[in-house]
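The next block holds one structure in the form of structure tokens; read it before the comments.
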Amino acid sequence: MARRPTLSPSKITTFLACPAKYRYQYLDSRGRPFMKAKSYFSFGSSLHRALERFHDSSDTGVTTTEELLTAYEESWIDAGYQSAEEMAEAFGEGYEILEQHAQEWVRRKTTAKTLFTERQFSLELEAFRLIGRIDRLDEHEDGRLEIVDYKSGRSKVEEGDVKNDIAMSIYQLLIRRKYPDRPAFATIYALRTGVQASAELSDAEIDQLQSDIQKLGEEILSYTDSYWELRPSPKKICNGCDFLKLCSADPDFDASLIPSVESESTPPTASSEPGPSSIQESLF
Ligand code: SF4
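Per our numbering, residue 4 is the first one in the sequence shown, and the count goes up by one each step.
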């Protein structure tokens with residue numbers, strides 16, 4: 004029996020950013036050799052793994068600052084760093100971040116109970132299964148559920164950032180459908196500073212989101228043949244994309260049209276690349 008397709012926030016945001024990137028990342032094996040390990044992913048994953056143990060109430064071996072820091076050492080991922088010095092600097096930064104996090108956690112004396120850490124939730128939609136991995140789900144005394152997402156690269160966050168974040172909205176959709184009687188909201192936690200911001204989608208917004216994701220997901224999956232005919236067009240994100248060499252090999256791809264990272268101008272789009280539909284605009 005054919006496996007039911009799945010879509011995650013990462014897949015959806017990749018498609019919205021660039022359908023060609025989606026193809027190389029998820030469908031086209033030619034993209035695989037170009038995918039490089041990234042130090043910022045390794046750094047974020049190392050922090051997440053340590054925090055998963057710290058906040059997991061069933062992991063009674065990691066409850067103090069010292070134990071969290073030991074868990075961090077055990078969780079460290081060294082892929083993607085350019086040098087031993089760069090890695091040592093990142094490791095030290097993570098150490099400080101977690102030390103502060105543990106102290107702040109004790110200081111806050113939160114009464115919320117952590118239900119899950121690093122747990123995948125899913126929702127069956129008509130053509131696919133929507134999935135999302137949630138860093139932490141807390142239950143407050145008044146019954147509200149809080150979805151907590153750690154951001155290791157951020158220092159600041161505001162309510163609008165949470166509200167406009169596709170992943171945070173999808174997490175709310177997944178939790179609201181899983182626990183229909185429970186109010187739920189989402190929080191981004193900027194690990195570098197401990198700053199956090201929250202937002203909550205209304206029932207009507209959740210319904211609209213589900214309908215939009217349903218349509219967008221069908222569009223992504225029905226794109227099948229178009230992916231192979233796709234002519235990638237230069238965009239601002241091409242500068243940091245693993246697949247630039249592949250795209251540059253396309254005779255229609257004019258790399259000189261890639262805007263510089265600093266440029267605020269609207270990236271040019273080639274008429275040959277079918278862009279994401281207006282669903283993207285209605286989403287956020
Ligand atoms: S190089 Fe640019 S056009 Fe090509 S896949 Fe990456 S982002 Fe898309």
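A virtual CB, placed ideally from N, CA and C, is assigned to each residue, including glycine.
In the structure shown, what three-state DSSP assignment does residue i receive?
i      : result
Ser266 : Summary for Ser266: the model assigns pLDDT 48, below 50, so the residue's position carries little reliability; its value from the coordinates is reported in the next sentence. Of the three classes helix, strand and coil, the one that applies to Ser266 here is coil, per DSSP.
Leu126 : strand
Tyr153 : strand
Gly135 : strand
Leu204 : coil
Lys218 : helix
Ser13  : helix
Glu161 : coil
Lys116 : strand
Tyr192 : strand
Val65  : coil
Glu144 : coil
Ala187 : strand
Gln199 : strand
Taking residue i as the reference, give the member of the options with the closest Cα.
i      : options                           : result
Lys181 : Ser214, Gly135, Arg157 and Gly163 : Gly135
Ser13  : Arg6, Arg7 and Lys24              : Lys24
Pro78  : Arg52, Gln211 and Tyr226          : The sequence given here has Ser at residue 78, not Pro. With distances taken between Cα atoms, Ser78 lies closest to Arg52.
Ala193 : Arg234, Asp59, Glu161 and Leu176  : Glu161
Leu84  : Tyr43, Arg56 and Ile100           : What sits at residue 84 in the sequence shown is Tyr, not Leu. Of the candidates Tyr43, Arg56 and Ile100, the one whose C-alpha sits nearest the C-alpha of Tyr84 is Tyr43.
Gly97  : Thr68, Thr113, Thr114 and Gln123  : Thr68
Pro36  : Asp245, Pro262, Pro254 and Ala258 : Asp245
Asp206 : Thr190, Gln199, Pro183 and Asp228 : Pro183
Ile191 : Phe131, Gln213 and Gln175         : Gln175
Tyr153 : Gly163, Pro8 and Ile137           : Ile137
Ala82  : Glu107, Gly64, Val109 and Ala40   : Ala40
Trp108 : Leu54, Gly34 and Ser225           : Leu54
Ile150 : Glu127, Phe18 and Arg185          : Arg185
Val165 : Ala91, Ala202, Glu222 and Arg157  : Ala202
Phe124 : His143, Asp145 and Leu177         : Leu177
Ala189 : Pro262, Tyr75, Arg157 and Asp141  : Asp141
Any beta-carbon of chain D closer than 8 Å to the one on residue i?
i      : result
Cys241 : Going by chain labels, chain D is absent from the structure shown, which holds only one protein chain.
Is residue i near residue j, with beta carbons less than 8 Å apart?
i      : j      : result
Leu249 : Cys241 : no
Thr117 : Arg147 : no
Thr120 : Asp59  : yes
Gln217 : Glu129 : yes
Arg234 : Asp215 : no
Ala93  : Leu71  : no
Ala187 : Arg179 : yes
Ser155 : Phe46  : yes
Ala80  : Leu219 : The sequence shown places Ile at residue 80, rather than the Ala named in the question. Result no, Cβ atoms of Ile80 and Leu219 do not sit closer than 8 Å.
Thr9   : Arg195 : no
Cys21  : Lys159 : no
Ser172 : Leu126 : no
When you measure from the CB of residue i to every non-hydrogen atom of the ligand COA, does any distance come out below 7 Å?
i      : result
Leu247 : No copy of the ligand COA occurs in the structure displayed; its ligands are the ligand SF4 alone.
* To do: Run through the segment 32 to 112 for me and flag every whole alpha helix (DSSP H) of 4 or more residues, listed as ranges in chain order.
  => 42 to 58, 68 to 78 and 87 to 111
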